[in-house]
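Student:
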Amino acid sequence: MLARLAVMVVAIGLATSVLPATSASAATTRIKPGYFGMTDHDPTTWPTRPVGAVRLWDTGVTWRDIEVSNGVFDFSRLDAQVASARSHNARVLIVLGQTPKFHTSRPNALSYIAPGASSAPSLTAWKSYVAKVVRRYKGRGVDYQIWNEANVKGFWSGSTAQMTELTKTAAKIVRGNDSAATVVAPAMATRLIGQRMYIRDFYSRRTGGFPVSHWVDVVSLQLYPGPKERPEHSMALLAAARSVLSSEGVRKPIWNTEINYGLQIGGGGTAAKISTRRQAAYVARTYVLNAASGVKKVFWYSWDLQSLANTKLTYSSGSLTPAGTTYGVVRSWLLGSKISSCSKDRRGTYHCVATYSDGVRHIYWNPTKSVSIRTPATTTNWVSQSGVSTKIGSNKSLSVDYAPKMVRSRR
Numbered sequence: 035m036l037a038r039l040a041v042m043v044v045a046i047g048l049a050t051s052v053l054p055a056t057s058a059s060a061a062t063t064r065i066k067p068g069y070f071g072m073t074d075h076d077p078t079t080w081p082t083r084p085v086g087a088v089r090l091w092d093t094g095v096t097w098r099d100i101e102v103s104n105g106v107f108d109f110s111r112l113d114a115q116v117a118s119a120r121s122h123n124a125r126v127l128i129v130l131g132q133t134p135k136f137h138t139s140r141p142n143a144l145s146y147i148a149p150g151a152s153s154a155p156s157l158t159a160w161k162s163y164v165a166k167v168v169r170r171y172k173g174r175g176v177d178y179q180i181w182n183e184a185n186v187k188g189f190w191s192g193s194t195a196q197m198t199e200l201t202k203t204a205a206k207i208v209r210g211n212d213s214a215a216t217v218v219a220p221a222m223a224t225r226l227i228g229q230r231m232y233i234r235d236f237y238s239r240r241t242g243g244f245p246v247s248h249w250v251d252v253v254s255l256q257l258y259p260g261p262k263e264r265p266e267h268s269m270a271l272l273a274a275a276r277s278v279l280s281s282e283g284v285r286k287p288i289w290n291t292e293i294n295y296g297l298q299i300g301g302g303g304t305a306a307k308i309s310t311r312r313q314a315a316y317v318a319r320t321y322v323l324n325a326a327s328g329v330k331k332v333f334w335y336s337w338d339l340q341s342l343a344n345t346k347l348t349y350s351s352g353s354l355t356p357a358g359t360t361y362g363v364v365r366s367w368l369l370g371s372k373i374s375s376c377s378k379d380r381r382g383t384y385h386c387v388a389t390y391s392d393g394v395r396h397i398y399w400n401p402t403k404s405v406s407i408r409t410p411a412t413t414t415n416w417v418s419q420s421g422v423s424t425k426i427g428s429n430k431s432l433s434v435d436y437a438p439k440m441v442r443s444r445r
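Per the working numbering, the very first residue in the sequence shown carries number 35; after that it's consecutive.
(1) Where do the N-terminal and C-terminal ends of the alpha helix (DSSP H) with Asn211 fall, by residue?
(2) For the alpha helix (DSSP H) containing Gly362, name the first residue and the last one.
(3) Need the endpoints of the alpha helix (DSSP H) that Lys187 sits in, please.
(4) Under the rule that 16 or more other beta-carbon atoms within 10 Å means buried, what is Arg442, buried or exposed?
(5) Residue range of the beta strand (DSSP E) that Leu255 falls in?
(6) With a threshold of 8 Å, are at least 3 pairs of Cβ atoms found where one atom belongs to the stretch 91-102 and the other to the stretch 127-141?
(7) Straight-line CA distance for Asp338 to Thr224?
(8) Taking all protein chains shown into account, do 16 or more other C-beta atoms lie within 10 angstroms of the C-beta of Asn400, making it buried, or fewer, making it exposed?
(9) Specify, as a first and last residue, the run of the alpha helix (DSSP H) that Gly228 falls within.
(10) Check whether the stretch 226-235 touches the stretch 270-280, taking contact to mean three or more Cβ pairs, one atom from each stretch, closer than 8 Å.
(11) Could you have a look at Pro265 and say whether DSSP puts it in helix, strand or coil?
(12) Please report the distance separating the alpha-carbon of Val85 from that of Val126.
(13) Relative to the C-alpha of Gly210, which candidate in Lys166, Thr198, Val186 and Arg312 has its C-alpha closest?
(14) Determine, using beta carbons only, whether Arg83 and Gly362 come nearer to each other than 8 Å.
(15) At the level of alpha carbons, what is the spacing between Val164 and Ala143?
(16) Can you give me the Cβ contacts of Ser433 inside the same chain, cut-off strictly under 7 Å, excluding the 5 residues immediately before and after it?
(17) With a 10 Å radius around its C-beta and 16 neighbouring C-beta atoms as the bar for buried, classify Ser156 as buried or exposed.
(18) CA-CA distance, Ala55 and Asp379?
(19) Does the pairing of the stretch 71-78 with the stretch 326-345 give three or more beta-carbon distances under 8 Å?
(20) Please report the straight-line C-alpha distance between Gly105 and Thr348, rounded to a whole angstrom.
(21) Go ahead and pull the three-state DSSP assignment for Tyr295.
(22) Once DSSP output is grouped into helix, strand and coil, what is the label at Lys161?
(23) Let me check one thing: in DSSP terms, what residues is Ser433 bridge-paired to?
(24) Report yes if the C-beta distance between Val116 and Trp91 is below 8 Å; otherwise report no.
(25) Within a Cβ cutoff of 7 Å, which residues of the same chain sit near His267, ignoring the five residues on either side of it in sequence?
(26) How many angstroms separate the CA atom of Gly421 from the CA atom of Thr360?
(27) Closer than 8 Å by C-beta to Val44: which residues in its own chain qualify, once you throw out the five before and the five after it? Chain order, please.
(28) For the alpha helix (DSSP H) containing Val116, list its first residue and its last residue.
(29) Name the one or two DSSP bridge partners that Thr389 has.
(30) Secondary structure at Pro67, three-state DSSP: helix, strand or coil?
(31) Return the first residue and the last residue of the alpha helix (DSSP H) that Gln313 is part of.
(32) Assuming the contact rule is C-beta atoms closer than 8 Å, Ser391 and Pro410 should be a hit. Round their C-beta distance to whole Å, please.
(33) Along the chain, where does the alpha helix (DSSP H) containing Trp97 start, and where does it finish?
(34) Just tell me which of Gln256, Glu282 and Val284 has its CA closest to the CA of Arg271.
(35) Does the beta-carbon of Lys262 have 16 or more other beta-carbons within 10 angstroms, so that it is buried, or is it exposed?
(36) Roughly how many whole angstroms lie between the Cα atoms of Gln419 and Ser351?
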């Protein structure tokens with residue numbers, strides 16, 4: 035028992051680096067369109083860059099939006115969002131919950147959505163709601179997430195045992211009605227030690243004769259780092275969460291279901307501002323680092339975000355920011371490729387290698403300073419994060435800073 039407790043303390047603590055000076059774990063499969071996920075507050079007006087999956091959160095389709103009175107459901111808004119996603123060949127991730135006031139014994143429970151929404155519903159009402167949603171969207175490219183941020187009081191104020199029971203119950207309904215749908219675990223915030231302790235508590239539990247992880251196909255993590263931290267810090271959160279999961283024997287794929295930067299503790303306040311060039315760099319580094327670390331999907335929060343976080347893909351007019359342009363550029367770097375290695379040298383320079391059918395893409399950046407690298411053998415050109423291509427040969431000096439550059443070579 036004491037030995038296990040010691041493992042828990044190490045696991046819950048935050049790793050200082052996800053990429054050692056030698057090498058790192060790398061993706062073992064080619065990156066598919068579904069890796070590039072997005073939240074969009076109005077998915078009926080579709081993003082102007084390709085999106086492989088859309089997460090329906092903050093889109094007005096929570097349980098309390100759909101069940102307008104006891105037993106009366108209005109699916110019109112959710113129908114439109116699912117249809118829009120499918121017309122763009124994107125899978126849909128529906129986030130189940132939040133609880134309508136007439137299905138809880140705690141209608142005034144603290145909630146970020148509306149009073150009582152964070153509280154545990156009656157199991158009978160939960161079963162009815164989940165069954166109606168799953169049967170309605172069977173065979174339509176829809177996956178299901180049990181809850182949003184179950185380890186944040188403003189989204190879930192019930193007990194861990196109750197969340198475990200909701201997870202098992204929903205999974206049985208999904209698996210019994212739509213074998214093609216993925217069951218995604220309740221999303222978990224990862225920034226704070228207490229949040230990672232909750233992850234340990236949740237995944238240590240059993241229900242229905244199995245560990246709770248038996249009832250989900252995918253683990254969901256929200257990898258927001260601290261207000262002034264970078265994508266590399268987000269990967270340290272991933273490493274810490276993975277240690278917790280490993281200590282509980284959880285070996286499931288991981289989706290990063292929300293990511294952006296500059297968020298204040300608790301989600302309020304004004305995000306720390308950064309330059310548009312740095313915003314673009316954060317988008318590129320996020321998708322590269324998550325792919326290199328084996329994360330299977332990344333849902334950026336969000337396509338049309340104008341406040342709360344500091345990295346915006348679009349302006350209020352809807353036109354692309356530099357970061358929005360870079361989203362499309364980094365997608366072109368990664369799509370169809372396999373990250374064969376990703377390392378950080380003693381100067382802090384990252385070098386990720388993406389192999390694809392026509393050669394190799396070497397992606398370089400240094401988060402804190404400007405350095406020079408030597409281009410690999412058979413180099414033909416390099417591409418900036420804005421998509422501008424420049425010819426360059428092998429063994430040439432190339433300046434690199436926090437904004438990633440992709441160097442293409444034939445082998």
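Using N, Cα and C, we set each Cβ at its ideal position, and we do this for glycine too.
Tutor: This is what the structure gives:
(1) Looking up residue 211 in the sequence shown gives position 177. Here the alpha helix (DSSP H) through Asn211 covers Thr194 to Asn211.
(2) Against the sequence shown, residue 362 aligns to sequence position 328. Pro356 to Leu368 is the span of the alpha helix (DSSP H), which, as asked, contains Gly362.
(3) Working through the sequence shown from its first residue, we reach residue 187 at position 153. No alpha helix (DSSP H) contains Lys187, which DSSP labels as neither H nor E.
(4) Locating residue 442 in the sequence shown gives position 408, counting from the first residue. Buried: at least 16 other Cβ atoms inside 10 Å.
(5) Looking up residue 255 in the sequence shown gives position 221. Per DSSP, the continuous beta strand (DSSP E) segment holding Leu255 begins and ends at Val253 to Gln256.
(6) The stretch 91-102, when compared against the stretch 127-141, does touch it at the 8 Å Cβ threshold.
(7) In the sequence shown, the residue the question calls residue 338 occupies position 304. In the sequence shown, the residue the question calls residue 224 occupies position 190. In this model, Asp338 and Thr224 are separated by some 24 Å (Cα to Cα).
(8) Walking along the sequence shown from the start, residue 400 turns up at place 366. Buried is the call here.
(9) Locating residue 228 in the sequence shown gives position 194, where the first residue counts as 1. Residues Ile227 to Tyr237.
(10) Put simply, the stretch 226-235 touches the stretch 270-280. At least three CB pairs are less than 8 Å apart.
(11) As a working note, residue 265 is residue 231 in the sequence shown. Helix.
(12) To locate residue 85, count along the sequence shown from 1; it is residue 51. To locate residue 126, count along the sequence shown from 1; it is residue 92. Distance from the CA atom of Val85 to the CA atom of Val126, rounded to whole angstroms, is 11 Å.
(13) On the sequence shown, residue 210 is found 176 positions in, with the first residue counted as 1. Taking Gly210 as reference, the option from Lys166, Thr198, Val186 and Arg312 with the minimal CA-CA separation is Lys166.
(14) In the sequence shown, counting from the first residue as 1, residue 83 sits at position 49. In the sequence shown, counting from the first residue as 1, residue 362 sits at position 328. Cβ distance < 8 Å, so Arg83 and Gly362 count as in contact.
(15) For this step, residue 164 is matched to residue 130 along the sequence shown. For this step, residue 143 is matched to residue 109 along the sequence shown. If you take the alpha carbons of Val164 and Ala143, they lie about 22 Å apart.
(16) By one-based count along the sequence shown, residue 433 stands at place 399. Correct list, in chain order: Ser404 and Ser406.
(17) Here the question's residue 156 lines up with position 122 in the sequence shown. When all chains shown are included, Ser156 counts as exposed.
(18) Along the sequence shown, read from residue 1 onward, the residue named residue 55 stands at position 21. Along the sequence shown, read from residue 1 onward, the residue named residue 379 stands at position 345. Note that Ala55 scores 38 on pLDDT, short of 50, meaning its location in the model is unreliable; the coordinates nonetheless yield the value given after this. Roughly 5 Å separates the two Cα atoms.
(19) With the cut-off at 8 Å, the stretch 71-78 and the stretch 326-345 touch.
(20) Against the sequence shown, residue 105 aligns to sequence position 71. Against the sequence shown, residue 348 aligns to sequence position 314. If I take the Cα positions, the gap works out to 39 Å.
(21) For this step, residue 295 is matched to residue 261 along the sequence shown. Coil.
(22) Counted from its first residue, the sequence shown places residue 161 at position 127. In this structure, Lys161 counts as helix in the three-state DSSP scheme.
(23) As a first step, residue 433 is located in the sequence shown; it is residue number 399 there, counting from the start. According to DSSP, which records beta bridges pairwise, Ser433 is partnered with Ser406.
(24) Indexing the sequence shown from 1 puts residue 116 at position 82. Indexing the sequence shown from 1 puts residue 91 at position 57. The criterion of a C-beta distance shorter than 8 Å is not satisfied by Val116 and Trp91.
(25) Taking the first residue of the sequence shown as 1, we reach residue 267 at position 233. Around His267: Pro259 and Gly260.
(26) The residue you call residue 421 lines up with position 387 of the sequence shown. The residue you call residue 360 lines up with position 326 of the sequence shown. Going from the Cα of Gly421 to the Cα of Thr360 covers about 7 Å.
(27) Position 10 of the sequence shown, counted from the first residue, corresponds to residue 44. Residue placement at Val44 is poorly supported in this model, since its pLDDT is 44, which falls under 50; the coordinates still yield a value, given next. Excluding residues up to 5 positions away in sequence, Ser277 lie with their Cβ nearer than 8 Å to the Cβ of Val44 in the same chain.
(28) As a working note, residue 116 is residue 82 in the sequence shown. Run containing Val116: Ser110 to Ser121, per the alpha helix (DSSP H) assignment.
(29) Counting from 1 along the sequence shown, the entry for residue 389 is found at position 355. Answer is Lys372 and Val394, bridged to Thr389.
(30) On the sequence shown, position 33 is the one that residue 67 refers to. Correct three-state label for Pro67: helix.
(31) Position 279 of the sequence shown, counting from 1, holds the residue named residue 313. Following the DSSP letters along the chain, one finds Gln313 inside the alpha helix (DSSP H) bounded by residues Thr310 to Ala326.
(32) The sequence position of residue 391 within the sequence shown is 357, counting from 1. The sequence position of residue 410 within the sequence shown is 376, counting from 1. The C-beta distance from Ser391 to Pro410 rounds to 18 Å, too long to fall under 8 Å, and the pair is not in contact.
(33) As a position in the sequence shown, residue 97 is number 63, starting the count at 1. Here the alpha helix (DSSP H) through Trp97 covers Trp97 to Ile100.
(34) Residue 271 sits at position 237 when you count from the first residue of the sequence shown. Before going further, note that residue 271 is Leu rather than Arg in the sequence given. The residue with the shortest Cα to Cα distance from Leu271 is Gln256.
(35) Stepping through the sequence shown from its first residue, residue 262 is reached at position 228. When all chains shown are included, Lys262 counts as exposed.
(36) Residue mapping note: residue 419 aligns to position 385 of the sequence shown, counting from 1. Residue mapping note: residue 351 aligns to position 317 of the sequence shown, counting from 1. So the two alpha carbons sit approximately 23 Å from each other.
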